[in-house]
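What follows is a single structure, written as structure tokens, with notes after it.
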Amino acid sequence: MSIMDAVKAEGMLPERYKSLTVSEMKERIRHIKATLGTKLFIPGHHYQKNEVIQFADATGDSLQLAQICAANEQAEHIVFCGVHFMAETADILTTENQKVYLPDMRAGCSMADMADIFQTERAWVELEKRFGDTIIPLTYVNSTAAIKAFVGRHGGATVTSSNAAEIVEWAFTQKKRILFLPDQHLGRNTAYSLGVPLDHMAVWNPITDVLEYDGVDEKCQVILWKGHCSVHENFTVANIESLRRTEPDRKIIVHPECSYEVVSLSDDNGSTKYIIDQIQSAAPGTKWAIGTEMNLVNRLIENHPEQDIISLNPLMCPCLTMNRIDLPHLLWCLESIVEGAGHNMITVDDETSEEAIAALDRMLQRP
Ligand code: 13P
Ligand code: SF4
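Read in order, the letters of the sequence shown correspond to residues 31 to 397 in this note's numbering.
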């Protein structure tokens with residue numbers, strides 16, 4: 031079922047939730063959490079709003095949340111405060127008896143939507159014709175369950191921004207070439223950091239079905255899917271140049287979903303967890319410009335008054351799809367669990383799950 035079909039099937043937030051006060055909603059959520067106890071588990075991604083994060087039982091980046099869900103055996107209801115692909119991953123990694131919900135079915139990810147399974151199957155046929163059996167597929171977890179299943183079926187693995195380098199290194203021990211879905215930037219930044227020259231990387235354009243590559247086929251080591259994050263593409267070289275002119279002593283740290291040019295001009299880069307760790311361990315008074323989603327940057331500003339933190343792009347907006355999860359949707363989802371209606375449940379079919387688990391396990395079982 032597509033995300034739009036799921037939204038149609040589940041309907042939108044009922045009117046009765048739109049007139050509640052914040053304190054009413056908080057009180058009702060607290061009450062449900064206390065009643066359900068460990069039968070309920072609420073994981074929250076670092077990009078979620080504070081109004082939601084305050085109720086999370088665990089917060090983390092994509093890797094941490096996948097690991098935490100895989101390890102949780104007691105929760106009957108997992109209400110995932112993140113985006114659709116994260117809830118799908120949680121459903122794949124938990125048992126039959128554990129139900130996973132996404133409080134608002136419209137919380138998708140524009141990057142994950144940039145690789146559909148039909149495009150991927152078509153690309154694979156063309157790439158195998160051109161390069162033979164020399165390619166292993168890897169997919170960023172920011173992808174649909176169908177793409178993870180495709181990757182699992184072809185011997186590949188998932189990656190997150192926390193472990194991409196390690197998984198890419200492993201992939202090169204398996205095959206001569208990598209197809210990296212769906213984020214060209216994470217793929218390029220990671221491969222480059224491991225010593226793959228830029229001119230050994232091609233780009234697969236899924237709209238035109240064309241391999242964009244000027245080099246000699248023999249030298250091509252990485253095939254990057256032409257997808258990107260619409261949030262992180264808003265951090266630009268112009269932002270960095272302007273900051274370097276006005277505040278040369280401000281450290282710039284960005285997420286590797288930013289372009290190669292932005293990452294290479296920055297002082298440091300890493301996953302959301304890595305960014306948080308760097309801020310937490312820095313000396314008081316350190317000046318930072320952070321290139322990642324605004325809810326996280328604002329939370330770091332609030333939690334670290336001893337540091338001087340700004341967003342790398344002063345006009346940055348939050349990830350709009352992540353932001354669809356809010357207090358009214360969280361309350362609606364929780365109350366529907368209590369009433370037995372179970373709105374907004376995420377279910378990945380068994381066949382897709384089995385193949386996707388192969389890809390996820392190859393990642394999670396690496397130390
Ligand atoms: P991480 O949680 O892996 O840093 O990913 C960021 C992101 O964009 C999630 O959608
Ligand atoms: Fe997707 Fe980017 Fe939003 Fe993450 S920040 S959910 S990659 S659109």
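Where is the CB? At the ideal position from N, CA and C, for every residue including glycine. Because the structure is a prediction, the values reported are computed rather than measured.
Range of the contiguous alpha helix (DSSP H) that encloses residue i
| i | result |
| --- | --- |
| Phe202 | Ala194 to Gln204 |
| Glu336 | Run containing Glu336: none; DSSP gives neither H nor E here. |
| Leu357 | Leu357 to Val368 |
| Arg392 | Asp380 to Leu394 |
| Leu271 | It should be pointed out that residue 271 corresponds to Glu in this sequence rather than to Leu. Note, Glu271: alpha helix (DSSP H), Val267 to Thr276. |
| Val226 | Segment: none, Val226 is in no alpha helix (DSSP H) and carries neither H nor E. |
| Val181 | Ala175 to Arg183 |
| Tyr290 | Tyr290 to Leu295 |
CB contact flag (residue i, residue j, <8 Å)
| i | j | result |
| --- | --- | --- |
| Leu211 | Thr266 | no |
| Met393 | Asn193 | yes |
| Ala86 | Gly74 | yes |
| Pro44 | Trp318 | no |
| Ile355 | Gln84 | no |
| Pro278 | Lys256 | no |
| His114 | Asp91 | no |
| Val226 | Gln251 | yes |
| Ala187 | Val378 | no |
| Leu330 | Ile309 | yes |
| Val198 | Leu228 | no |
| Arg396 | Trp200 | yes |
| Thr353 | Asn264 | With the sequence shown as reference, residue 353 is identified as Asn, and Thr is not the correct amino acid for it. No; because the gap between Cβ atoms is not below 8 Å, this pair is not in contact. |
| Pro286 | Thr220 | yes |
| Ile253 | Leu357 | no |
| Ile387 | Tyr131 | no |
| Ile305 | Thr316 | no |
| Ile282 | Leu273 | yes |
| Ile108 | Ile166 | no |
| Gly185 | Glu385 | no |
| Ala232 | Tyr222 | no |
| Ser260 | Ser140 | yes |
| Asn172 | Ala195 | no |
One or two residues paired with residue i in a DSSP bridge
| i | result |
| --- | --- |
| Val252 | Ile208 and Met231 |
| Leu241 | Trp234 |
| Ile376 | Val130 |
| Pro167 | Leu209 |
| Thr188 | Thr169 |
Reference residue i; option with closest CA among the options
| i | options | result |
| --- | --- | --- |
| His258 | Leu216, Pro335 and Asn80 | Leu216 |
| Thr164 | Pro44, Glu248, Ile147 and Val109 | Glu248 |
| Met116 | Lys178, Glu156, Pro167 and His61 | Lys178 |
| Thr68 | Glu106, Ile98 and Ser53 | Glu106 |
| Thr238 | Lys159, Arg218, Val189 and Gln149 | Gln149 |
| Arg152 | Thr377, Trp234 and Asp297 | Trp234 |
| Glu103 | Ile62, Arg183, Thr119 and Thr125 | Thr125 |
| Leu360 | Ser140, Val261 and Asn374 | Asn374 |
| Ile339 | Thr190, Ile320 and His184 | Ile320 |
| Ile59 | Met135, Glu81, Val284 and Ala389 | Glu81 |
| Ser294 | Glu271, Thr119 and Thr276 | Glu271 |
| Asp380 | Asp213, Leu273, Asn333 and Thr119 | Thr119 |
| Val368 | Ile122, Leu70 and Thr316 | Leu70 |
| Ile122 | Thr220, Cys99 and Leu132 | Cys99 |
| Arg280 | Tyr290, Asp297 and Phe161 | Asp297 |
| Ser311 | Ser140, Thr276, Ile208 and Gln337 | Gln337 |
| Lys56 | Glu365, His262 and Gly372 | Glu365 |
| Leu350 | Gly138, Gly182, Arg218 and Tyr243 | Gly138 |
| Cys111 | Ile72, Asp146, Ala96 and Val246 | Ile72 |
| Tyr47 | Pro133, Tyr243 and Ala101 | Pro133 |
| His230 | Ala268, Val246 and Leu241 | Val246 |
| Gly370 | Leu66, Glu291, Leu95 and Asp146 | Leu66 |
| His334 | Pro314, Pro348 and Met135 | Pro314 |
| Val240 | Arg160, Tyr290, Ile147 and Arg218 | Arg160 |
Residue range of the unbroken beta strand (DSSP E) whose run includes residue i
| i | result |
| --- | --- |
| Lys281 | Lys281 to Val284 |
Any chain C beta carbon closer than 8 Å to residue i
| i | result |
| --- | --- |
| Thr68 | The structure shown has no chain C; it contains just one protein chain. |
Unbroken stretches of the alpha helix (DSSP H), 4 residues or longer, contained in the region 65 to 147: Entirely contained in the region 65 to 147, the alpha helix (DSSP H) runs reaching 4 residues are, in chain order, 80 to 83, 92 to 101 and 114 to 123.
4-residue-minimum alpha helix (DSSP H) runs that sit fully inside the region 298 to 330, ordered along the chain: As summarised for the region 298 to 330, the continuous alpha helix (DSSP H) elements at least 4 residues long and confined to that stretch are 302 to 311, given in chain order.
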